[in-house]
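Structure representation (structure tokens):
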């Protein structure tokens, strides 16, 4: 049995286990194969196993089935956070079930090939455990920050990660593809205190009852929001929303030095199209480890979204260590006009 990708899958080779002998071909190959079949009354072919081929296609790339942003329930947080390996992953398999998962399948195997979020999640979980073992006092937010700010946005050939036939945007890859080696030493982290999450829930208009269910605390959102005017969760990515009639936004962030003492970082900004970005200060000077410094970012819209339409733009903000870019702490930016 020959399975052929449709135009939406292009050359993605996410394989499934079948009961019949089967092979999967990409969209371009499918077009050529169909043309050949239609060109003769007696088409013939054979499959020759060429062994495992390494590096034939560009990787990593965004899988067609991968979930995309933005988050409509919480648009103030850019989603996804990152992407991770999740296509054709060799995985352990139970002995009481055939690899096709069909009860009629008599085959038994210790391993199979699987794709999906269930394959990507263990990669990220393993990276988080690796970071936590190296930095046992880091908070979950610091671990997440390390993973996000060190992620790759280029593939092994040095070109932008692709999403089908186009470069992947922030709503496809978030901060990028996980890089465990770099995540062990991110230089700076965006940390978040537990109380900050409660304030964030208030900005999302959670009720007192909702927040009590989550925190088991009686919280007055009015008091919290009065004390934290203009609050924004100290997240490693930035999501800006310009509602109709709004032309400017200010965002505050705080970074903690986990790299080396006496470090200087300078900011680099790739501004989203149609937006002017200003950062103050433009240099962060850290005297010692675990020191925290804040910066502010102003976003000025040069676009005017038409009423009833939604438009997007993307960019990034990077803090670069003065010693030949020893650390590059990168945050993706999404801008939405509503």
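Residue numbers (the UniProt record's numbering): 1 to 338. Note that CB positions come from ideal geometry on N, CA and C, so glycine has one too. Because the structure is a prediction, the values reported are computed rather than measured.
Considering residue i, what are the terminal residues of the alpha helix (DSSP H) in which it resides?
| i | result |
| --- | --- |
| residue 278 | Careful: residue 278 lies outside any alpha helix (DSSP H), inside the beta strand (DSSP E) at 275-280. |
| residue 181 | 180-183 |
| residue 119 | 117-134 |
| residue 39 | 27-39 |
| residue 208 | 208-215 |
| residue 342 | Outside the shown range of the chain (1 to 338) lies residue 342, about which nothing can therefore be said. |
| residue 224 | 221-227 |
| residue 196 | 194-203 |
Look at the alpha carbon of residue i and the alpha carbon of residue j, and state the distance between them as a whole number of angstroms.
| i | j | result |
| --- | --- | --- |
| residue 125 | residue 188 | 21 Å |
| residue 198 | residue 209 | 13 Å |
| residue 336 | residue 277 | 14 Å |
| residue 118 | residue 39 | 43 Å |
| residue 121 | residue 84 | 8 Å |
| residue 3 | residue 13 | 11 Å |
| residue 34 | residue 28 | 10 Å |
| residue 283 | residue 293 | 10 Å |
| residue 230 | residue 253 | 12 Å |
| residue 260 | residue 148 | 20 Å |
| residue 17 | residue 97 | 13 Å |
| residue 47 | residue 37 | 16 Å |
| residue 158 | residue 205 | 43 Å |
| residue 108 | residue 49 | 23 Å |
| residue 263 | residue 281 | 15 Å |
| residue 115 | residue 123 | 12 Å |
| residue 214 | residue 333 | 29 Å |
| residue 65 | residue 287 | 46 Å |
| residue 31 | residue 71 | 36 Å |
| residue 130 | residue 146 | 11 Å |
| residue 58 | residue 216 | 48 Å |
| residue 243 | residue 6 | 38 Å |
| residue 196 | residue 232 | 9 Å |
| residue 375 | residue 45 | Here the chain comprises residues numbered 1 to 338, so residue 375 is not present and cannot be evaluated. |
| residue 41 | residue 52 | 33 Å |
| residue 54 | residue 173 | 23 Å |
| residue 226 | residue 170 | 32 Å |
Under the DSSP definition of a beta bridge, which residues are partnered with residue i?
| i | result |
| --- | --- |
| residue 314 | 334 |
| residue 248 | 300 |
| residue 166 | 163 |
| residue 268 | 318 |
| residue 254 | 294 |
| residue 23 | 2 |
| residue 263 | 286 |
| residue 152 | 177 |
| residue 83 | 177 |
| residue 328 | 320 |
| residue 189 | 256 |
| residue 62 | 163 |
At which residues does the beta strand (DSSP E) containing residue i begin and terminate?
| i | result |
| --- | --- |
| residue 360 | As shown, the chain starts at 1 and ends at 338. That puts residue 360 outside it, with no answer to give. |
| residue 112 | 111-114 |
| residue 240 | 238-242 |
| residue 8 | Run containing residue 8: none; DSSP gives neither H nor E here. |
| residue 89 | 89-92 |
Which same chain residues end up closer than 6 Å to residue i when comparing Cβ atoms and leaving out the 5 residues on each side of it in sequence?
| i | result |
| --- | --- |
| residue 167 | 160 |
| residue 274 | 302, 303 and 313 |
| residue 164 | 10 |
| residue 221 | 202 |
| residue 315 | 270, 271, 272 and 333 |
| residue 224 | 199 and 202 |
| residue 392 | In the structure as shown, the chain starts at 1 and stops at 338, and residue 392 therefore has no counterpart that could be examined. |
| residue 150 | 179, 182, 183 and 186 |
Take residue i and list the residues in its own chain whose beta-carbon comes closer than 7 Å to its own, dropping the five residues that flank it on each side.
| i | result |
| --- | --- |
| residue 228 | 199 |
| residue 67 | 80 |
| residue 212 | 218 |
| residue 74 | 204 |
| residue 19 | 100, 102 and 105 |
| residue 143 | 128, 131 and 132 |
Comparing the CB of residue i with every heavy atom of the ligand MG, is any distance shorter than 8 Å?
| i | result |
| --- | --- |
| residue 190 | Absent from the structure shown: the ligand MG. Ligands present: none. |
Got a sec? Which residues, its chain only, sit under 8 Å from residue i by beta carbon, not counting five neighbours each side?
| i | result |
| --- | --- |
| residue 113 | 15, 17, 88, 89, 90 and 91 |
| residue 162 | 58, 61, 62, 155 and 168 |
| residue 290 | 256, 257 and 258 |
| residue 192 | 139, 141, 233, 234 and 235 |
| residue 111 | 90, 91, 92 and 93 |
| residue 95 | 108 and 110 |
| residue 43 | 36 and 37 |
(message) I'd like to know if the stretch 325-337 and the stretch 226-239 are in contact, where contact means that at least 3 CB-CB pairs between them fall below 8 Å.
(response) yes
(message) Quick check: the stretch 134-151 against the stretch 99-114, are at least 3 beta-carbon pairs closer than 8 Å?
(response) no
(request) Mind the definition here: the stretch 241-250 touches the stretch 288-301 only if three or more C-beta pairs lie below 8 Å; say whether that holds. (result) yes
(request) Kindly confirm or deny that the stretch 180-190 and the stretch 68-87 touch, where touching means at least three C-beta pairs closer than 8 Å. (result) no
(message) Taking 8 Å as the cut-off, does the stretch 15-24 touch the stretch 164-177 (at least 3 CB pairs, one atom from each stretch)?
(response) no
(request) Spell out a yes or no on whether the stretch 313-322 and the stretch 265-274 are touching, meaning 3 or more CB-CB pairs, one atom from each, closer than 8 Å. (result) yes
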